[in-house]
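Accompanying notes for the structure given below.
2 protein chains.
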Amino acid sequence: MTPEALSALRARFGEQLSTAPAVLHAHAHDESGLEHMQPHAVLFVHSEDDVLDALRLSELHRFAVVPFAAGSSLEGQLVPVRGGLSLDLSRMNAVLDVQAGGFQATVQPGVTYPELNRQLRPHGLFFPVDPGAEASLGGMASTNASGTGAVRYGTMRDQVLELRVALAGGRIIRVGSRARKSSSGYDLKHLFIGAEGTLGVITQLTVKLWPLPSHLVALRCSFDTVEAAAACAVAIMTAALQLERLELLDTEGLRAVNRHEGSAYPERPTLWIELAASSPAALNETLALCRDLCLDAGALEVAAAHSPAERAELWKARHHAYYALRGLYPGHSTLSTDLCVPLQHLPGMIAFARSAIDTAGLQASLLGHVGDGNFHVLFHAPPDDAATWDRIQDVYDRMTREALALGGTCSGEHGVGLHKRRFLRLEHGEALEVMREVKALLDPQNLLNPGKILPEDSAL
Amino acid sequence: MTPEALSALRARFGEQLSTAPAVLHAHAHDESGLEHMQPHAVLFVHSEDDVLDALRLSELHRFAVVPFAAGSSLEGQLVPVRGGLSLDLSRMNAVLDVQAGGFQATVQPGVTYPELNRQLRPHGLFFPVDPGAEASLGGMASTNASGTGAVRYGTMRDQVLELRVALAGGRIIRVGSRARKSSSGYDLKHLFIGAEGTLGVITQLTVKLWPLPSHLVALRCSFDTVEAAAACAVAIMTAALQLERLELLDTEGLRAVNRHEGSAYPERPTLWIELAASSPAALNETLALCRDLCLDAGALEVAAAHSPAERAELWKARHHAYYALRGLYPGHSTLSTDLCVPLQHLPGMIAFARSAIDTAGLQASLLGHVGDGNFHVLFHAPPDDAATWDRIQDVYDRMTREALALGGTCSGEHGVGLHKRRFLRLEHGEALEVMREVKALLDPQNLLNPGKILPEDSAL
């Protein structure tokens, strides 16, 4: 960023602009911590007008703009690899409107999903996308985040009705509709969902809300092998029960959970299941059916949690698993895969992953949203152990090639960022050229979060 | 189309190309019948390679290409307003693969949804989008079609996992993924869904399948006013029952149904409802709750149909309503609106429409997928009665402005075609310019279904 650019930003934004070392440092990395690169400045925006003026100055002075809010991305999305301005939207965090009768809310991009849910409780409604961390809705839309609720409610892509998006140069558009469905014109909304801020900056979202399910039961059931647990997950999906969640943790995951939570769950591959029904009687029927399915699939025990407190206890363990697993390896860096395959291929894919990891002698744990065919392998190694990281990348590559050959995707929910760019050619083929053309159309000067998503083997 | 173009097509395609008057005539209009314009030739394609070669010749000889299959669109989408080639995909009608364990099927674009469902029955699965007519899946994706199942399963946009799309000039790309979710790269898939063949030609679809619901009950309940019926629909949606369908017909609709089916339903505004549950006991609970809701909302009678035969009888009436209503006005043309508003605004919107129609002294009937906030007003008038058509357009415009002011859309499921282009500026504002840019990017010579979706008040 030139001194002139910095002066122009300072003149327009005053104290909202910061170049304090601690602030620059806090905007130099994301949750993965795998890259560190400081922006030239951080701008705390308060309004859509602030965003538009920042984009106008960006075009005029040709500096990069990297949207930032909660900082919880996992693929390096927030890292300002070409410097420029970190556009911090975390103060645009208002819930603007809750239309309870229409099951929708309009929010600013910096609001976190736990905070939105806190404000929704009095309405008996909730927002079902729970990627973990204290993620912001703008960031969640920008990576098409999901989480444990996706098996029932879908991903961010399924929740976003309407967006306001600030484009390069300072144009503003509204995309999508507040109606539940529309066949009017080209669907631009889905271009911006999952674009990681490379095509525009989301300044407002209208999202769907859902009634809190009335009758719930949570199950925890453990298996001899991770493949058996995955096969059971597929059987449960095939039975079309009214599932709210369906999660898998491997043996190491259970070990980490027990250590982190002080619990004493059997340290075996385990499914976490949540079932819903419209009445206690219907719930009991569903529970009995699901228990039978699990036992038929080789479950060694099935524990059910009925009360809200018991269920919260059970789910806390699963929700903390990522941090619990990182905690097993202090001083190590962690790299997470995020593959997603068609459901029928999940058990085979997990067996492939387990075998590749074991053959390479790597330390890795496996957890996932298996009802969606999505799972994460967390690799742990000391940051400076180059030989191990080479082996990790090799296993990661082989797993990804297998998933793509099965019709899957290199990212189920984390996005591409810096880490998965190298898989995009293989996954998308010729369509990658069209993606490049779309980027060039909407951001001809490559100022919006440059260096993310698209591989750099050919110029934009 | 030049003689050279026709010769080149003939040389490549031989008997697959037709210029027979009856064939040209059959490709000159869609189901609405409001416009007639013949293509210069019709090409019956058998394969993706045929489509690609046709697009190469189109670019070389600069003739327009208008995709065609079942011919059931309602907004003039299939009318070759600039002549050229009608690309008939109806013979590409194979179900290529059913992955029952993965809940997905891969099909060619010309297969119709009733035929797909016929082939799915042995698997205990079904495809839930039912727009009426014998629509093809390629056409349904191209208009983002929906129907009575959308309130439970969503629209085509929610069902399509992966597409193969032939682009202008003869490039082929694969967009989307067979995984249930993906955060990998820009979402190009949704650009082609609802694009009405103006951005590319869909040559293959992989779609989601669903288990046939096991326990169902259908209800028919009638009300004094159409506003009361709509308010009841909103109350049912708010109660979050496990709905499969939620449909509305007005008094004239019931009159038409009775005449068409020989039935004797009360000729009053009526809701058609279908409920599902996982067991007979749960179904009875849901039914009792729904019946109470309807009675509290002023239902004058609630009739329940339990057996498959009774339910089929009830739904036949609703499914035939469009044709039954057209049959009330022999020799008239029919124009259908397709507004969709946020659910909480539905009763007010329907009251507005009813009042505008009555004040203008027009003949019109109202039916709709009210669980989605989507309803159709069918206007009937003799084709040559210009004064009445002017009044119809005026009422149509006022209804549309009202729906857009409420945050709704000019099309819930039929698409834009020729008829709704004039609403796009008002609905999309600045985003319309981005739509034009996307069209220019993907079809720089404006050869793919030209004259559709985008209004012509400024050049592409």
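Going down the list, the protein sequences come from chains S and D.
Heads up: the first sequence begins at 1 in UniProt numbering, then just goes up one per residue.
Heads up: the second sequence begins at 1 in UniProt numbering, then just goes up one per residue.
We treat Cβ as the ideally placed atom computed from N, Cα and C, and that holds for glycine.
CA-CA distance, D:A70 to D:H376, rounds to 21 Å.
Against chain D, the CB of S:E456 has no partner CB under 7 Å away; the residue lies outside that interface. Classified as exposed, S:H36 has fewer than 16 neighbouring CB atoms from the shown chains inside 10 Å of its CB.
Between D:V151 and the set D:I273, D:R118, D:A141, D:A135, the nearest pair of CA atoms involves D:I273.
For a Cβ distance threshold of 9 Å, residue set H428, G429, E430, A431 of chain D lies close to S:R174, ordered along the chain. The beta carbons of D:V66 and D:L78 sit about 6 Å from each other, so the pair counts as a contact at 8 Å. Restricted to the region 19-100 of chain D, the beta strand (DSSP E) segments that are unbroken, complete and at least 3 residues in length are 41-44, 65-68, 85-88, 95-99, listed in chain order. In this structure D:V175 is in contact with D:L188, their Cβ atoms being roughly 4 Å apart against a cut-off of 8 Å. For D:E244, the closest alpha carbon among the candidates D:S263, D:G170, D:S278, D:E261 is that of D:S278. Within the region 369-383 of chain S, those residues whose Cβ lies closer than 8 Å to any Cβ of chain D are, in chain order, D372, G373, N374. Counting the other CB atoms within 10 Å of its CB gives S:S90 a total of 16 or more, which places it among the buried residues. Among the bridge pairs identified by DSSP, S:G368 is matched with S:L248, S:F375. For S:H46, the CB contacts under 8 Å within the same chain, skipping 5 residues up- and downstream, are Q16, R91, M92 in chain order. In this model, D:E285 and D:C294 are separated by some 14 Å (Cα to Cα). Sequence-ordered contacts of the region 409-429 of chain S with chain D read T409, C410, S411, G412, E413, H414, G415, V416, K420, F423, L424, E427, H428, G429 [C-beta pairs closer than 8 Å].
Remark: C-beta atoms of S:L74 and S:H428 do not approach each other more closely than 7 Å. Scanning the region 92-154 of chain S from its first residue to its last, the whole beta strand (DSSP E) runs of 3-plus residues come out as 95-99, 104-107.
D:T270 carries a strand assignment under DSSP once its states are collapsed to helix, strand and coil. When 7 Å is used as the limit between beta carbons, D:S279 is near these residues of chain S: A282, E285, in chain order. Shortest Cα-Cα distance from S:A304 to any of S:T251, S:D296, S:H320, S:L271 involves S:L271. Nearest Cα to S:C221 within the set S:G298, S:I172, S:L191, S:A276: S:G298. Among the CB atoms of chain D, one or more fall inside 7 Å of the CB of S:S183. For D:H190, the three-state secondary structure derived from DSSP is helix.
By a beta-carbon distance limit of 8 Å, S:A218 contacts S:L314. Their separation comes to about 5 Å. Counted as a single uninterrupted DSSP element, the beta strand (DSSP E) harbouring D:Q204 occupies residues 201-208.
According to DSSP, residue pairing for D:S336 in a beta bridge involves D:L378. Burial state of S:T2 is exposed, judged by a 10 Å Cβ sphere holding fewer than 16 other Cβ atoms. For a cut-off of 8 Å, the C-beta gap from S:A364 to S:L378 is around 6 Å, short enough to register as a contact. Contact annotation: the region 434-450 of chain S does not touch the region 403-410 of chain S, with fewer than three C-beta pairs closer than 8 Å.
A residue is called buried once 16 or more other Cβ atoms fall within 10 Å of its Cβ, and D:S86 is buried on that count. For S:P342, the chain D residues whose C-beta falls within less than 8 Å of its own C-beta are Q99, G102, Q104, R178, A179, R180, listed in chain order. Chain-order list of chain D residues neighbouring S:H123: empty, with the shortest C-beta distance near 11 Å, by a criterion of under 8 Å. For the pair D:P21 and D:E301, the Cα-to-Cα distance works out to about 53 Å.
Taking 7 Å as the Cβ-Cβ cut-off, the region 240-269 of chain S approaches chain D at A240, Q242, given in chain order.
Contact with chain S is absent for D:H46, since none of that chain's Cβ atoms lies less than 7 Å from the residue's Cβ.
Per DSSP, reduced to three states, the secondary structure at S:S7 is helical.
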